[in-house]
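First the structure, in the form of structure tokens, and then the observations on it.
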Amino acid sequence: MHELSIALSIIEGVTEELEERGGPKLHAVHLQLGQLSGVVKEALLFAYDVACEGTALAGSRLVILEAEGTALQITGLEIDG
Amino acid sequence: MSEPRLVEIRRNVFKKNDLLARELRQRFTDAGTRVISLVSSPGSGKTALLEKTLTALRGRYRVAALVGDLATDNDAARLARAEVPVRQITTGTICHLEAEMVTNALDDWKLDAIDFLFIENVGNLVCPSSYDLGEALRAVLMSVTEGEDKPRKYPTIFNSADVAVITKIDLAAAVEFDRAAAFASIDAVRAGIPVCEVSARTGEGMDGWLAMVEGSAPVVHASRNDRPSDAAYRER
């Protein structure tokens, strides 16, 4: 269940970023996912939806931008305002 | 309601772990503790190698170990036979160790009183690769019994490691281990990484590994071509 751990780390990071911005409604998270990151896209998408329930990220989409290398980086947030 | 807007940020998913690992690394450096982590698939011989390593070093240095598993403290009990301080980290459902778990497990240990600290990760070739534990040296193990192409199958973990260790070489002939193919596989994903070849059972190759651990290793590199052929194993 590696992807669940990753999803929880994403939620933790995004929650912090949202709080810094006064808690706007979140629509989507953009994530750069490296081919060599060891993370499986489909498994992460599944884990994301499950893990987001009950958090500030509930109902948001995870937009995965595939990249080279080992990158695993949050690159953007779609928020209100 | 206004349209959503895109805010561009750059935030590594492992930011929290990386920060904690950086703190750990600083603590280890300040205390003069050299930290070596072991990663491999389950059953590659991490615990056996560690037991021999702890036993070999404990006369000359102050050594200790943290050992991670999903469940049980069997490994800690086994390593306690080396008569050094050992703590088990039980991760529950988590498939790897994280810096925070190491921080918590260290608890009241005085790092000033530890020269070498070993961290045995959960048996897993995928997840541990992303989590820095503040270690000075990360060793990835592959045993002769598990296939020469492990590095090609799991390039990320081999890329994250500082040394590759081929274990159970006493069994090489029995399983027709193709040494040249194994080196080629290591070389394909991580050219130039030092490689140790050991048998925890017979003690063969332990000197080279211990020199690597102590940080004074004259090591064989995977990209070097002048190595003996794999026949060297079969002749034993």
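Chains as they are written, first to last, in the working numbering: chain E, 1 to 81; chain X, 82 to 317. Built from N, CA and C at the ideal position, the CB exists for glycine as well.
For a Cβ distance threshold of 7 Å, residue set L36 of chain E lies close to X:P236, ordered along the chain. Annotated three-state conformation of X:L135 is helix, per DSSP. Residue pairing of X:I200 in beta bridges, as defined by DSSP: X:S118 and X:L147.
In this structure X:V276 touches X:I247 by the C-beta definition: roughly 7 Å separates them, less than 8 Å.
A check of alpha carbon separations from X:V270 across X:G289, X:L291, X:A281 and X:V221 identifies X:V221 as the nearest. For the segment 56-78 of chain E, residues whose beta-carbon sits nearer than 8 Å to a beta-carbon of chain X comprise T70, L72, Q73, I74, T75, G76, L77 and E78. When secondary structure is reduced to three states using DSSP, X:C208 falls in the helix class.
Taking a Cβ-Cβ threshold of 9 Å, none of the residues of chain E is close to X:R219; the smallest such distance is about 15 Å.
Interface residue (Cβ-Cβ distance to chain E less than 7 Å): X:N93 is classified as such.
The beta carbon of X:P123 sits no closer than 7 Å to any beta carbon of chain E.
Taking 7 Å as the CB threshold, E:G23 stays off the interface with chain X. Taking the Cβ atoms as the reference, E:A7 lies roughly 14 Å from E:V63, outside the contact range of under 8 Å. When secondary structure is reduced to three states using DSSP, E:Q35 falls in the coil class, being assigned neither helix nor strand.
Think of a sphere of 7 Å around the beta carbon of X:K96: the chain E residues whose beta carbon falls inside it are G13, in chain order.
Taking a cut-off of 8 Å for Cβ pairs, the segment 272-290 of chain X and the segment 162-176 of chain X do not touch, as fewer than three such pairs fall below it.
Close CB contacts of X:M182 within its chain, under the 6 Å cut and outside five residues either way in sequence, are with I170 (chain order).
E:C52 has its alpha-carbon roughly 24 Å from the corresponding atom of X:L100. Our two residues, E:G23 and X:L87, have alpha carbons roughly 15 Å apart in a direct line. With respect to chain E, the C-beta atom of X:P209 has no partner C-beta closer than 7 Å. Non-local C-beta neighbours of E:V40 in its own chain, meaning closer than 7 Å and more than five positions away in sequence, comprise E3, ordered along the chain. Contact annotation for X:I267 against chain E: no contact, minimum CB-CB distance about 16 Å [criterion: below 7 Å].
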